[in-house]
Amino acid sequence: MEKVELKNIANLCKRRGFIFQDSEIYGGIGSVWDYGPLGVELKNSLKDQWWKRMVYDRDDMEGLDAAILMNPRVWKASGHIASFADLLLDCKDCKKRFREDKLKERKCPECGGELTDPKSFNLMFKTQVGSVEGQSQDVYLRPETAQGIFVNFNNVVNTSRRKLPFGVAQIGKSFRNEITTGNFTFRSREFEQMEVEFFVKPGEDETWYEYWLEERMGWYISLGIRKENLRLREHAKDELAHYAKRCHDVEYFFPMGWSELEGIANRTDYDLKKHSELSGENLVYFDNARSERYTPYVIEPSGGVDRAVLAFLVDAYREETVRDKQRVYLSLNHKLAPIKVAVLPLLKKNPEIVTMCHKLRDDLKGNYRVVYDDTASIGRLYRRQDEIGTPFCVTVDVDSLEDGKVTIRERDTMEQERIASTRLKEVLGVKLGLDT
Numbered sequence: 013m014e015k016v017e018l019k020n021i022a023n024l025c026k027r028r029g030f031i032f033q034d035s036e037i038y039g040g041i042g043s044v045w046d047y048g049p050l051g052v053e054l055k056n057s058l059k060d061q062w063w064k065r066m067v068y069d070r071d072d073m074e075g076l077d078a079a080i081l082m083n084p085r086v087w088k089a090s091g092h093i094a095s096f097a098d099l100l101l102d103c104k105d106c107k108k109r110f111r112e113d114k115l116k117e118r119k120c121p122e123c124g125g126e127l128t129d130p131k132s133f134n135l136m137f138k139t140q141v142g143s144v145e146g147q148s149q150d151v152y153l154r155p156e157t158a159q160g161i162f163v164n165f166n167n168v169v170n171t172s173r174r175k176l177p178f179g180v181a182q183i184g185k186s187f188r189n190e191i192t193t194g195n196f197t198f199r200s201r202e203f204e205q206m207e208v209e210f211f212v213k214p215g216e217d218e219t220w221y222e223y224w225l226e227e228r229m230g231w232y233i234s235l236g237i238r239k240e241n242l243r244l245r246e247h248a249k250d251e252l253a254h255y256a257k258r259c260h261d262v263e264y265f266f267p268m269g270w271s272e273l274e275g276i277a278n279r280t281d282y283d284l285k286k287h288s289e290l291s292g293e294n295l296v297y298f299d300n301a302r303s304e305r306y307t308p309y310v311i312e313p314s315g316g317v318d319r320a321v322l323a324f325l326v327d328a329y330r331e332e333t334v335r336d337k338q339r340v341y342l343s344l345n346h347k348l349a350p351i352k353v354a355v356l357p358l359l360k361k362n363p364e365i366v367t368m369c370h371k372l373r374d375d376l377k378g379n380y381r382v383v384y385d386d387t388a389s390i391g392r393l394y395r396r397q398d399e400i401g402t403p404f405c406v407t408v409d410v411d412s413l414e415d416g417k418v419t420i421r422e423r424d425t426m427e428q429e430r431i432a433s434t435r436l437k438e439v440l441g442v443k444l445g446l447d448t
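In this note's numbering, each residue's number is its place in the sequence shown (first place is 1) plus 12.
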């Protein structure tokens with residue numbers, strides 16, 4: 013496998029409508045991104061597959077959608093106000109800023125100049141609640157979605173009547189005022205997380221921790237990420253977060269090297285105990301079966317939606333030469349592909365062919381995303397759909413008007429199959445495998 017250049021992914025995303033620079037007409041804003049017509053489809057499909065695996069396919073999980081703004085005491089209890097910071101150094105010559113933990117030596121990696129002493133910089137965005145000047149309250153844009161689950165622990169237990177072990181799943185926006193950004197969408201200031209807080213009895217946490225390591229690796233592989241591009245890396249004791257007993261990163265081999273895709277942590281009972289202490293609310297679980305009370309331990313699989321989108325794009329990117337011409341295509345899993353089927357006319361000036369195309373498209377619509385395109389020659393239309401990852405193209409030609417048959421072209425192999433148009437929905441349903 014040849015190494016993929018990140019610039020090729022970024023160019024494809026801009027050219028084909030996956031990802032745009034936010035506020036681009038005004039010069040943009042650093043490390044904030046907008047998802048275009050195809051990007052939002054890919055992103056939503058990815059979140060749908062995560063939710064299906066984590067909630068619908070299980071009998072020990074509930075969902076939640078907590079607010080972004082929270083009482084600031086939440087972040088005091090969680091430790092974010094006191095310890096959610098990076099140590100930063102500035103170059104006295106070129107004035108650029110760097111994270112201390114990313115420096116290999118104590119000099120500027122850009123110009124070789126002298127660096128300042130490290131200073132602590134809190135990563136949370138601060139804003140105000142209240143419209144009257146002098147009467148507003150300082151609050152923070154949440155830097156993680158986890159705390160919304162912890163403060164709702166009693167609410168979920170009381171309304172769902174859940175018994176341990178059980179989890180709470182959430183997908184939502186988080187914000188971090190990152191200083192060192194870059195590598196396209198890998199490190200962004202506004203991003204989405206897919207998180208589970210899985211509550212277990214103390215003493216059973218290590219068993220569940222090992223379970224979630226295997227489960228999360230398996231999910232990425234099931235959707236097409238190649239095994240050789242994934243690995244688990246355990247955190248050393250000196251890099252563990254203040255709440256963690258153990259932590260592994262699911263790392264992906266991005267173009268810039270091995271980097272975190274998802275973190276899986278044993279958070280012990282740290283969060284529930286801290287919120288109990290500061291709020292005065294009893295977040296202890298009563299185990300009816302054992303007639304005992306205890307604070308549950310928590311196993312947390314926490315992945316980034318944006319990083320996952322980037323990983324799937326990188327892993328699906330292919331280049332090859334076909335008849336002396338370069339072909340670029342995205343070998344995306346059918347469940348993730350933004351457009352599942354494109355219906356194409358061989359002769360767009362033939363009204364009967366166009367009418368038949370529209371009828372086929374309308375018949376397929378509602379089951380998955382289907383498009384009709386006649387804006388180029390058939391060869392260029394195929395290449396366009398290949399590049400955006402469309403698994404199948406359906407072509408209508410002059411013979412279709414006589415024999416009622418259409419041609420299905422497969423993206424990865426470019427193999428073609430001619431079938432009766434009356435069987436099209438059935439055949440595509442089987443080929444896409446979306447019901448599994």
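Ideal Cβ placement from N, Cα and C applies to all residues, glycine included.
Practice task
Specify the secondary structure class of Glu-122 as computed by DSSP and reduced to three states.
Solution key: coil
Exercise for the section: Could you tell me which residues DSSP puts in a beta bridge with Val-208? Expected result: Ala-181
Exercise for the section: Report the three-state DSSP secondary structure of Gly-160 (helix, strand or coil). Expected result: helix
Handout entry: Cutoff 7 Å; reference Met-229; Cβ partners in own chain excluding five residues on either side
Key = Leu-242, Leu-244, Val-262
Handout entry: Minimum length 4: unbroken alpha helix (DSSP H) runs contained in the segment 81-107
Key = 85-90, 92-95
Exercise for the section: Please state whether DSSP places His-287 in a helix, a strand or coil. Expected result: helix
Problem - Continuous beta strand (DSSP E) stretch holding Phe-314: start and end - result: At residue 314 the sequence reads Ser, which differs from the Phe that was named. First-last of the beta strand (DSSP E) with Ser-314: 309-316.
Problem - Straight-line gap, Asp-69 to Pro-214 (C-alpha atoms, nearest Å) - result: 25 Å
Handout entry: Span of the alpha helix (DSSP H), counted from its first residue to its last, around Pro-49
Key = 49-63
Practice task
For Ser-172, I'd like the list of residues in its chain whose CB is within less than 6 Å of its CB, leaving aside the five on either flank, ordered along the chain.
Solution key: Glu-74
Problem - Ile-365 beta carbon less than 8 Å from that of Gly-408 - result: In the sequence as presented, Gly is not what sits at residue 408; that position holds Val. Their beta carbons are under 8 Å apart, which means Val-408 touches Ile-365 by this criterion.
Handout entry: Distance, Lys-239 Cα to His-247 Cα
Key = 21 Å
Exercise for the section: Return the bridge partner residues of Gln-149 from the DSSP annotation. Expected result: Val-141
Problem - Span separating the alpha-carbon of Phe-404 from that of Ile-276 - result: 36 Å
Handout entry: When Val-52, Asp-375, Ile-183, Lys-175 are compared against Gly-160, the one with the closest alpha-carbon
Key = Ile-183
Practice task
Would you tell me roughly how many angstroms separate the C-alpha atoms of Asp-327 and Arg-423, rounded to the nearest one?
Solution key: 16 Å
Exercise for the section: For Val-418, collect the residues of the same chain with a Cβ closer than 6 Å to its Cβ; drop the 5 residues on either side in sequence, then sort them by chain order. Expected result: Val-406, Val-408, Ser-412, Ser-433
Handout entry: Beta-carbon proximity list for Lys-15, same chain, < 7 Å, skipping 5 on both sides
Key = Pro-267
Handout entry: the segment 395-404 contacting the segment 339-351, beta-carbon criterion three pairs below 8 Å
Key = yes
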